[in-house]
Amino acid sequence: MDIPPVKTRFAPSPTGRLHAGNMRTALFNWLLARRHAGAFVLRIEDSDTRRNDPSALDAIQADLQWLGLDWDEGPGAGAPADWQQSSRASVYSDAAERLIAADAAYPCFCSATRLAALRERQRRSGQPPRYDGHCAGLDPVQSAARRAAGEPAVLRLRMPDAGTIDFHDLVRGPQSVRAGELGDPVILRADGSAAFLFANALDDALMGITHVLRGEDHLSNTPRQQVLLRRLGLPVPAYGHLALLVDTEGAPLSKRRGDASIAGLRDAGYRPEALLNYLARLGNPVPDDRLRAAAELAADFDPAALSRSPARFDDHQLDHWQSLAMAAAPMESLRPALEPGRVPMGREADFLALVQPNLRFAAELNDWARRFFDAADVVPGESAAPLREAGPAFFETVAGVLETTDSVDWQQLRPSLEAATGRRGGAMMKPLRLALTGLGQGPALGAIIDLMPAEIRRARLQKAAAVAASGVEPDA
RNA sequence: GUCCCCAUCGUCUAGCCGGCCUAGGACACCACCCUUUCAAGGUGGCGACACGGGUUCGAAUCCCGUUGGGGACGCCA
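Counting along the first sequence from 1, when you hit position 24 you're at 24 in this note's numbering, and nothing is skipped either side.
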């Protein structure tokens, strides 16, 4: 027997940038599709025209592509052309007519004022706020007449009022909701446009989506969408609900606060492999601690194994994956981050090889390059104390040795320096490293000396000697 | 407020149809090794079954309650 092909989707609204939470949802859907050699669809839910941001469409695609999530249907991917809800208005109105004809939906003339008062009253009396079915019993003929006369109305889906609605959640298992707990939801707004609940379910069914992984905030929509689709005689996809991502404080990740926006992370210098590996493991047990490719992650992706409690987005863990990604990065992928002219001709490969293990972000290359190859001063004022401790003679002596030795082979150079300065180990290395690079840490010092042009070394040592001589009395 | 879901180291988690768990891994942190420096790298350490009741010969694993966290209750998506 045939297992139906898996088709998943990611359906963001173009109202802002993607953040880590959205992206993880997209990733899990992509993983599920790829795992089963199925299809992944990108659909844009722009049914709320007031909130649409024209630039968001491109940004969403850019973010997805950056992470390597490709889609088989959607913007730029060919058929179907109508991946955009705003171009599917007639699909929704046709379905709405069918629902009305079957008495599965009814017009509701209740004003916003009445609804607000109703909710307030229910809340005060300890009742959950939900639509009371005020218009549910209206005569269809009269309702049609009122609508024809131009009286504003929304369309509500008639929910069963007894029994339970059962479904199997891909991540949470069997679910059962008492039908009476659900009010009749609005599926068409007064202006005739489709509400999320309606457009979303219809699109999934019509596009042949088989599996939907979405945020936990959609859990309560599931029974409604199931009723809706059944009434329409359409296939109901399998839904799985993901626990939401929270920030370091445990508060929900907020688009508004710009928490962990994908664009922000990218601009900060994070590599896509790093984010991918981190996101894939948030709330999802991946037994392998190494950096994996997307396809490898997909190979054993299982929604049922997903965590059902909210996961924290932790910068420390992201940084770990970033470090692994940097270390594993092909040298060629680092080059573009290096500003032209920073590194002398012919020295690039040596420079990159030396510095790469110390990088967290590729942009740091430029700082290292400046310290190695730029004549400008690198010694910060606050580091004067260690230089003074070493004394001007130390730097002059080192400079002298460097001048007269033609070998910069560290094995030979180090003993010469020790003999000449009378210092060894850290006593020699630390002030020397500081004088040469302005930093207390970095790649192997011998290799740095080897890579650094003689005239830069000379200038740095001179400067260090001057600083060391300047304040014989350290501020104390 | 009402309803639903969840609860293992600081964080992400393994384990959860009970004994193999003196609870395993990764991140972070700390120490040591390497480097006669530091960083990087290597090795090790610290560190948790939220609490209270049951059930059982035996519970992280099952049940109930408490507490805590998350979600839903829109002409938002």
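Backbone N, C-alpha and C fix where the C-beta goes; we use that ideal spot for every residue, glycine too.
In terms of DSSP beta bridges, what is residue 178 paired with?
-> 164
Looking at the structure shown, is residue 210 part of a helix, part of a strand, or coil, going by DSSP?
-> coil
For residue 253 and residue 36, believed in contact at Cβ under 8 Å, the rounded distance = Not quite, the Cβ-Cβ distance comes to about 29 Å (not below 8 Å), so this is no contact.
Pick from 169, 311, 362 and 399 that is closest to residue 335, judged by C-alpha positions | 362
Out of curiosity, what's the CA-to-CA distance linking residue 444 and residue 461?
-> 18 Å
Excluding the five sequence neighbours on either side, which residues of its own chain have a C-beta within less than 8 Å of the C-beta of residue 242, listed in chain order?
-> 24, 25, 28, 171, 213, 214, 215, 216, 283 and 306
To which residues of the same chain is residue 123 closer than 6 Å at the C-beta, ignoring the five residues directly before and after it?
-> 129
Enumerate, from N- to C-terminal direction, the unbroken beta strand (DSSP E) stretches of 3 or more residues contained entirely within the segment 187–236.
-> 211–215
Grouping DSSP H, G and I as helix and E and B as strand, with all else coil, what is residue 465?
-> helix
Is it true that the CB of residue 192 sits closer than 7 Å to the CB of residue 179?
-> no
Skipping 5 residues on each side, what residues in its chain have a beta carbon closer than 7 Å to that of residue 60?
-> 12, 14 and 18
What residues are listed by DSSP as bridge partners for residue 8?
-> 40
Sequence-distant residues of the same chain with beta carbon closer than 6 Å to residue 415, five excluded per side | none
Taking all protein chains shown into account, do 16 or more other C-beta atoms lie within 10 angstroms of the C-beta of residue 426, making it buried, or fewer, making it exposed?
-> exposed
Residue 261: buried (16+ other C-beta within 10 angstroms of its C-beta) or exposed?
-> buried
Determine the extent of the alpha helix (DSSP H) in which residue 172 is found, giving its start and end residues.
-> Taken as a continuous stretch (DSSP letters only), residue 172 belongs to no alpha helix (DSSP H), as it is neither H nor E.
Run through DSSP, which three-state label would residue 75 get?
-> coil
With burial defined as no fewer than 16 other Cβ atoms inside 10 Å of the residue's Cβ, what is the status of residue 225: buried or exposed?
-> buried
Anticipated Cβ contact below 8 Å, residue 185 with residue 202, distance rounded = Going by Cβ atoms, the distance from residue 185 to residue 202 rounds to 14 Å, so no, they are not a contact pair.
Does the ligand ADP have even one heavy atom less than 6 Å from the beta-carbon of residue 455?
-> Although the ligand ADP was asked about, the structure shown includes no ligands whatsoever.
Minimum C-alpha distance to residue 220 - residue among 107, 463 and 165 = 165
Tell me whether residue 252 sits in a helix, a strand or coil according to DSSP, three-state version.
-> strand
Out of 291, 100, 75 and 408, which has the shortest C-alpha to C-alpha gap to residue 521?
-> Since the first residue of the chain shown is 1 and the last is 476, residue 521 is not available in this structure.
With 16 other Cβ atoms within 10 Å as the buried cut-off, status of residue 431 = buried
So residue 92 is in the alpha helix (DSSP H); what residue range does that whole segment cover?
-> 89–101
C-alpha gap between residue 266 and residue 279, whole angstroms | 14 Å
Alpha carbon to alpha carbon, how far is residue 384 from residue 440? Give it in angstroms, no decimals.
-> 12 Å
Using DSSP with H/G/I as helix, E/B as strand and the rest coil, what is residue 268?
-> coil
Can you tell me which of 320, 373, 378 and 374 puts its alpha carbon nearest to the alpha carbon of residue 359?
-> 320
Throw me the rounded Cβ distance for the residue 301 and residue 31 pair, which I believe falls under 8 Å.
-> 4 Å
Assuming residue 152 and residue 190 form a contact by the criterion Cβ under 8 Å, report the distance between their Cβ atoms to the nearest whole angstrom.
-> 5 Å
For residue 95, I'd like the list of residues in its chain whose CB is within less than 7 Å of its CB, leaving aside the five on either flank, ordered along the chain.
-> 202 and 232
Could you tell me the distance, in whole angstroms, from the CA atom of residue 154 to the CA atom of residue 109?
-> 7 Å
Using three-state DSSP, classify residue 134 as helix, strand or coil.
-> coil
Can you give me the Cβ contacts of residue 208 inside the same chain, cut-off strictly under 7 Å, excluding the 5 residues immediately before and after it?
-> 7
From residue 480 to residue 329, what distance separates their C-alpha atoms?
-> The first residue shown for the chain is 1 and the last is 476, placing residue 480 beyond what the model contains.
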